[in-house]
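Have a look at the structure below before the remarks.
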Amino acid sequence: MMSAIAEEKAISCFFGLILLDYGQQKTTRRSSYARSFRLLHKAAVYLPSQRSEIAMIPRRVEPGSIGARSQLATQIERSYNAEPLTHDHDYYQIVFPQHGFLSTRIKGKQEQFGGKCVLFLRPHLEHTFFASAPNRFLVFDLPVALIEGVGKQFGSAHALPGSHLLSMNQRFTAFCQLVNTEITYGVEEEPLVLEPLLQYLATLLFLTAQPLSAAPLTVSRKAVAQRMQEYIEAHYTEALTLQEIAVAIGASPSYAHRCFTLYAGISAVEYVQRLRLERAVQLLLSSDLSLGAISLAVGFRSQGYFTRLFSQKLGLSPSRYRDLHLQKERRLHKNMP
54 MMSAIAEEKA ISCFFGLILL DYGQQKTTRR SSYARSFRLL HKAAVYLPSQ
104 RSEIAMIPRR VEPGSIGARS QLATQIERSY NAEPLTHDHD YYQIVFPQHG
154 FLSTRIKGKQ EQFGGKCVLF LRPHLEHTFF ASAPNRFLVF DLPVALIEGV
204 GKQFGSAHAL PGSHLLSMNQ RFTAFCQLVN TEITYGVEEE PLVLEPLLQY
254 LATLLFLTAQ PLSAAPLTVS RKAVAQRMQE YIEAHYTEAL TLQEIAVAIG
304 ASPSYAHRCF TLYAGISAVE YVQRLRLERA VQLLLSSDLS LGAISLAVGF
354 RSQGYFTRLF SQKLGLSPSR YRDLHLQKER RLHKNMP
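Anchor point for the sequence shown: position 139 equals 192 in this note's numbering, and the numbering is continuous, going up by one each time.
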């Protein structure tokens with residue numbers, strides 16, 4: 054059994070490899086890990102949430118130790134339903150959207166976020182979550198002791214963001230892709246991996262987090278985007294084009310494109326692709342359909358294009374993705390009493 058000192062050293066080593074920008078590692082090690090990180094960066098996995106709305110309020114723990122941090126909620130994938138959930142907690146929380154939108158109510162102000170927005174919540178800030186459509190988020194609970202410890206290393210040169218809505222920058226995106234990959238390997242049950250990931254996320258908050266700039270999303274533009282979203286979600290398995298979507302909602306293609314991009318943070322075409330890939334993942338994991346049948350069922354007219362896009366976005370081919378999931382299921386059943 055690994056001693057506490059050995060465990061701390063293993064975590065420190067892993068975390069040291071992650072923090073490439075500090076240049077504290079030797080060039081050969083940094084180059085080697087950079088190549089590995091680039092591979093993981095491409096391996097984002099769209100896992101459909103297996104859980105309904107999560108009212109996850111961890112019990113209070115004493116700050117400071119790795120063991121204490123491990124007692125926080127480690128369930129990363131979460132989804133929310135239409136019933137409002139109001140609470141506060143004694144730790145920091147950061148929420149990354151992966152699919153869909155989440156409505157929030159903070160200090161009497163109601164907002165909806167998704168796309169390229171990130172939600173950052175400070176301790177004891179009462180907030181309400183609810184959603185009217187299927188959604189998936191990556192949620193990380195960060196202990197106060199962890200944030201304070203990282204903050205002391207930076208000193209006064211860096212400060213936590215004051216806004217609760219942040220921009221989804223490139224390093225946040227890479228972090229989420231890395232976590233999505235690790236989820237397939239059970240990161241929530243692997244403290245030697247989860248702990249340094251949380252420390253890295255805390256570091257990113259001080260290094261890169263910027264408040265979300267006010268986007269010129271008027272009420273009328275938001276309404277156009279929401280009509281587009283509804284139409285896409287009803288017809289994404291069909292041969293959709295931006296022209297067709299724009300005609301269906303009574304707007305020009307260019308105006309429709311601007312509205313949706315401001316609203317969702319991605320283009321309508323990217324949203325169609327995301328929905329198709331998420332549905333494809335569901336079918337890969339829950340059916341014995343062939344890849345050709347799945348590609349047609351989700352709206353792709355070419356199995357070759359489906360395979361290329363799947364591999365590009367998820368880092369694995371559809372067949373390899375299915376095989377890894379089956380292997381994971383077999384391991385779980387084997388370990389069951």
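Think of the CB as a built atom: it goes at the ideal place given N, C-alpha and C, for glycine as much as any other residue.
| query | result |
| --- | --- |
| As assigned by DSSP and simplified to three states, the class of isoleucine 147 | strand |
| Local Cβ density within 10 Å of glutamate 297, reported as buried at 16 or more and exposed below that | exposed |
| Endpoints, the beta strand (DSSP E) within which histidine 180 is located | 180–183 |
| Extent of the continuous alpha helix (DSSP H) run through valine 246 | 244–260 |
| Status (buried if at least 16 other CB within 10 Å, exposed otherwise) for arginine 88 | Residue confidence for arginine 88 is low, a pLDDT of 39 falling below 50, so the modelled location carries little weight; the figure read from the coordinates is stated next. Arginine 88 comes out exposed. |
| Cβ pair serine 333, valine 351 closer than 8 Å | For clarity, residue 333 is alanine in the given sequence; the question names serine instead. Yes, these two residues count as a Cβ contact at 8 Å. |
| Close Cβ partners of leucine 254 (< 8 Å) along its chain, the five nearest in sequence each way excluded | Ile147, Phe193, Leu195 and Phe228 |
| Environment of threonine 181 [buried if 16+ CB atoms lie within 10 Å] | exposed |
| Assigned secondary structure, lysine 162 (DSSP; H/G/I helix, E/B strand, else coil) | strand |
| Backbone secondary structure at arginine 428 - three-state DSSP | The chain is shown only over 54 to 390; residue 428 falls outside these bounds and no answer can be derived. |
| Distance between threonine 226 and valine 203 (C-alpha atoms, nearest Å) | 21 Å |
| Terminal residues of the alpha helix (DSSP H) in which histidine 288 lies | 272–288 |
| Pairwise C-alpha distance: valine 300 and methionine 109 | Summary for methionine 109: the model assigns pLDDT 29, below 50, so the residue's position carries little reliability, and this model does not support an answer. |
| Option nearest threonine 139 by Cα separation, candidates His217, Pro244 and Thr157 | Thr157 |
| The region 351–363 contacting the region 282–293, beta-carbon criterion three pairs below 8 Å | yes |
| The region 208–222 in contact with the region 242–249 per 3-pair CB rule at 8 Å | no |
| Beta strand (DSSP E) runs contained entirely in the region 184–241, provided each spans 3 or more residues | 189–195 and 218–220 |
| Buried or exposed (CB count within 10 angstroms, at least 16 for buried), glutamate 235 | buried |
| Ordered list of alpha helix (DSSP H) runs contained in the region 300–375, each at least 4 residues | 306–317, 321–339, 344–350 and 356–367 |
| Backbone CA spacing between leucine 377 and glycine 357 [nearest angstrom] | 21 Å |
| 6 Å CB neighbourhood of proline 306 in its chain, flanking five on each side removed | Leu295, Gln296 and Ala299 |
| Buried versus exposed, by CB contacts within 10 Å (16 or more), alanine 304 | buried |
| Glutamate 382 classed as buried or exposed, judged by whether at least 16 other C-beta atoms fall within 10 angstroms | exposed |
| DSSP state of arginine 175 mapped onto helix, strand, coil | coil |
| Beta-carbon proximity list for glutamate 164, same chain, < 7 Å, skipping 5 on both sides | Thr157 |
| Residues that threonine 157 bridges to, as DSSP identifies them | Glu164 and Phe182 |
| Between the CA atoms of isoleucine 347 and threonine 237 - distance to the nearest angstrom | 21 Å |
| Leucine 138, DSSP secondary structure in three states | strand |
| Identity of the residue in His310, Arg311 and Ser370 nearest leucine 337 by Cα | Ser370 |
| Identity of the residues DSSP links to arginine 383 by a beta bridge | Looking at the DSSP assignment, arginine 383 forms no beta bridge with any residue, so it has no partner. |
| Inter-residue Cα distance where the pair is leucine 191 and arginine 280 | 26 Å |
| Cβ-Cβ separation, phenylalanine 166 to leucine 155 (assumed contact under 8 Å), whole Å | 6 Å |
| Leucine 250 beta carbon less than 8 Å from that of arginine 224 | no |
| Cβ-Cβ distance between isoleucine 302 and tyrosine 284 below 8 Å | yes |
| Glutamate 297 in three-state terms, based on DSSP | helix |
| Between the CA atoms of leucine 385 and leucine 367 - distance to the nearest angstrom | 23 Å |
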